[in-house]
Amino acid sequence: MRSLSIKLRVALWYTGIMILLAAASLAVLLSLSSRFVQHGARDRLEGRVALALKEAEWDREERRLDIDDDLKVFEDGVWIGIYDGQGYPLYGQAPEGFPEGVVFEDRQIRMVSGGSAVWYVYDIHRIVPGYGSVWVRGAASRSDAEEAFAAMIRMAVFLFPFLAALAAGGGYLITRRAFLPIAQMAETARRISTGGDLTERIGLGKGNDELYQLAETFDSMLSRLQGQFEKEKQFTADVSHELRTPISVILSRCEYALGHMEDGEGRESLQIVLDQARKMARLVSQLLMLSRADGNRLELQLEDVDLSVLFEVVIQEQEAAASEKSITIQPDIQPDVMVQADETMMMRLLINLISNAITYGKVGGHIRVGLSKSSGTVHGYVEDDGVGIPNEHLDRIWDRFYQVDPSRTAEDGRGAGLGLSMVKWIVSSHGGDIHVESRVGEGSRFSFEFPSRQPPAT
Ligand code: ADP
């Protein structure tokens with residue numbers, strides 16, 4: 020039952036109860052009407068026979084049975100016949116098809132069938148003074164009486180499924196309407212959780228019922244959350260922006276001082292300051308980029324790029340860093356892969372992936388960098404044979420500031436856990452996707468794909 024939606028459950032209950040109610044009332048109605056119909060027929064029969072009885076009298080003067088002319092043989096659905104003690108007809112007649120020789124029984128209503136018809140029969144016996152035994156018999160066709168009843172059953176049989184379908188359909192529509200606000204709330208929550216867009220609102224408008232109030236509360240909660248997030252993002256953007264100038268002063272001063280300094284302890288310290296300042300500069304630029312991306316203020320500068328050449332260039336640049344760990348980079352690049360993309364972003368994407376592969380690669384290891392294009396989709400990968408990533412961390416490495424082992428990274432003096440979030444943003448802003456496969460101790464493979472041409476901006 021839980022697998023069904025509430026709408027459907029309510030509608031099913033509703034329909035079930037409606038069907039039960041309709042069936043019960045129909046059953047009561049049918050049994051009442053059946054009795055009513057039968058009683059009606061019997062009453063008429065008894066009444067007509069009793070009336071006929073009064074009309075048969077012994078005429079003393081003429082010495083014969085006198086039957087009033089007013090007595091009609093057929094009236095009100097009842098046939099009247101008067102018989103003598105031996106069953107010889109004196110007056111009136113039995114209906115056509117009425118069986119011969121039906122035994123007389125005083126004041127008993129019975130059913131007699133003959134051919135395809137069925138009759139109610141009612142007899143009264145009377146001793147007419149001076150004449151003797153007289154039987155008055157009334158016969159009424161059962162089919163006449165029950166024709167109306169049968170018609171009623173036919174109508175019920177037709178009406179019943181119609182009513183049930185009406186109850187089911189109507190019930191479902193009403194509950195669906197009633198649950199519409201909830202569906203809207205769920206849809207908004209789903210959109211926020213998948214797209215992360217806090218500007219979404221349920222927006223049910225004004226209404227007095229509890230669901231409208233709930234939606235309004237949700238909306239105002241979302242507004243407050245959005246305000247907080249925006250303040251935080253703005254703060255990060257402002258701080259990153261403000262840090263850029265002092266960092267670039269430190270960098271240029273360090274580089275200048277190192278160029279004019281003799282070897283010695285002071286120079287070593289300054290080199291460390293310069294390295295840390297570079298790390299800070301990288302971090303600040305990543306933070307700034309991500310906060311601009313969050314605020315949709317980062318626009319891709321799309322141009323036609325020969326990605327094969329770009330990849331070759333980045334690989335050459337990274338070879339120096341790789342050789343410090345005796346790592347060999349093996350390119351597997353299809354030539355002339357032309358794409359429409361943001362060149363700087365593409366460089367950042369590859370630099371990040373390769374420098375991670377170097378950082379987490381083993382000394383003397385290998386890195387393979389691949390690029391190819393097939394039917395309008397660009398495929399790329401960066402594969403290393405380094406430490407690998409434990410399974411339980413695989414989903415989270417894309418999160419900001421997430422590091423599998425922060426102490427390890429701190430020792431190496433690289434990164435702050437922002438690189439992969441940026442990589443993911445770059446791939447998805449080009450309409451693509453990136454995945455990772457990894458085995459601890461064996462290495463990792465980051466593979467991505469995106470369309471080679473970007474859809475025109477709307
Ligand atoms: P960081 O600046 O720490 O490298 P990233 O966002 O680039 O941050 O990566 C997040 C985490 O994912 C890293 O801390 C690291 O533990 C793991 N990781 C990334 N690339 C690799 C790789 N090629 N091999 C093993 N672990 C990796």
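My numbering applies: residue 20 is where the sequence shown begins, and numbers increase by one. Using N, Cα and C, we set each Cβ at its ideal position, and we do this for glycine too. Note that the structure is predicted; figures quoted are calculated from it, not measured.
{"Query": "Give me, in chain order, the residues of the same chain whose beta-carbon lies closer than 6 Å to that of D404; leave out the 5 immediate sequence neighbours on both sides.", "Result": "G384, H385, G462"}
{"Query": "I'd like to know whether the C-beta atoms of N371 and V455 end up nearer to each other than 7 Å.", "Result": "no"}
{"Query": "Helix, strand or coil, according to DSSP, for D294 in the structure here?", "Result": "helix"}
{"Query": "At 4 residues or longer, what runs of the alpha helix (DSSP H) sit wholly inside the segment 129-214?", "Result": "161-214"}
{"Query": "What is the residue span of the beta strand (DSSP E) that G395 lies within?", "Result": "It is not in any beta strand (DSSP E) - G395 carries neither H nor E in the DSSP assignment."}
{"Query": "When the Cα atoms are used, what is the spatial distance from A429 to T378?", "Result": "At A429, the pLDDT of 43 sits below 50, so the modelled position is not reliable; the number obtained from the coordinates is stated separately. So the two alpha carbons sit approximately 11 Å from each other."}
{"Query": "Let's test the definition: count the other Cβ atoms within 10 Å of the Cβ of T213 and tell me whether it reaches 16, buried, or not, exposed.", "Result": "exposed"}
{"Query": "Could you check if H449 is buried or exposed, using at least 16 other CB atoms within 10 Å of its CB as the buried criterion?", "Result": "buried"}
{"Query": "Mapping the DSSP letters down to three states, classify A339 as helix, strand or coil.", "Result": "helix"}
{"Query": "Using the rule of at least 16 other Cβ atoms within 10 Å of the residue's Cβ for burial, across every protein chain shown, is T194 buried or exposed?", "Result": "buried"}
{"Query": "Run through the segment 349-382 for me and flag every whole alpha helix (DSSP H) of 4 or more residues, listed as ranges in chain order.", "Result": "362-378"}
{"Query": "Can you give me the Cβ contacts of M365 inside the same chain, cut-off strictly under 7 Å, excluding the 5 residues immediately before and after it?", "Result": "V324, L326, L329"}
{"Query": "For a test of your reading of the model: does the CB of D403 fall under 6 Å from any non-hydrogen atom of ligand 1? Yes or no.", "Result": "yes"}
{"Query": "Would you list the residues sitting across from T347 in a DSSP beta bridge?", "Result": "H385"}
{"Query": "If I measure Cβ to Cβ from V423 and keep anything under 8 Å in the same chain, skipping five residues before and after, which residues do I get?", "Result": "I408, P409, H412, I416"}
{"Query": "Give the secondary structure of A429 by DSSP, where H, G and I count as helix, E and B as strand, and everything else as coil.", "Result": "In this prediction, A429 scores a pLDDT of 43, lower than 50, which makes its location untrustworthy; no coordinate-derived value is stated."}
{"Query": "What would DSSP say about A312, mapped onto helix, strand or coil?", "Result": "helix"}
{"Query": "Taking Cβ positions, are A158 and F117 nearer each other than 7 Å?", "Result": "yes"}
{"Query": "Which partner residues of L321 appear in the DSSP bridge assignment?", "Result": "D361"}
{"Query": "Might you give, ordered along the chain, the residues of its own chain that have their beta carbon closer than 7 Å to the beta carbon of R478, omitting 5 neighbours on each side?", "Result": "Residue 478 falls outside the range modelled here, since the chain spans only 20 to 477, and no answer is possible."}
{"Query": "If you reduce the DSSP assignment to three classes, tell me which class G226 lands in.", "Result": "coil"}
{"Query": "Could you work out which residue in R367, D85, F93 is closest to G149 when comparing CA atoms only?", "Result": "D85"}
{"Query": "So is the beta-carbon of S304 under 6 Å away from any non-hydrogen atom of ligand 1?", "Result": "no"}
{"Query": "Which class does L413 belong to by DSSP, given the choice of helix, strand or coil?", "Result": "coil"}
{"Query": "When you compare the CB positions of A175 and L45, do they come within less than 7 Å of one another, or not?", "Result": "yes"}
{"Query": "Under the criterion of a Cβ to heavy atom distance below 6 Å, does I373 qualify as lining ligand 1?", "Result": "no"}
{"Query": "In the structure shown, what three-state DSSP assignment does F469 receive?", "Result": "strand"}
{"Query": "Could you give the distance in angstroms between the alpha-carbon of D228 and the alpha-carbon of A197?", "Result": "10 Å"}
{"Query": "What's the C-alpha gap between T255 and A186?", "Result": "58 Å"}
{"Query": "Whose C-alpha, out of W98, K26, R472, is nearest the C-alpha of S394?", "Result": "R472"}
{"Query": "Got a sec, what are the start and stop residues for the beta strand (DSSP E) Y107 sits in?", "Result": "Unbroken run through Y107: none, as it is neither H nor E."}
{"Query": "Ends of the alpha helix (DSSP H) at E74?", "Result": "25-74"}
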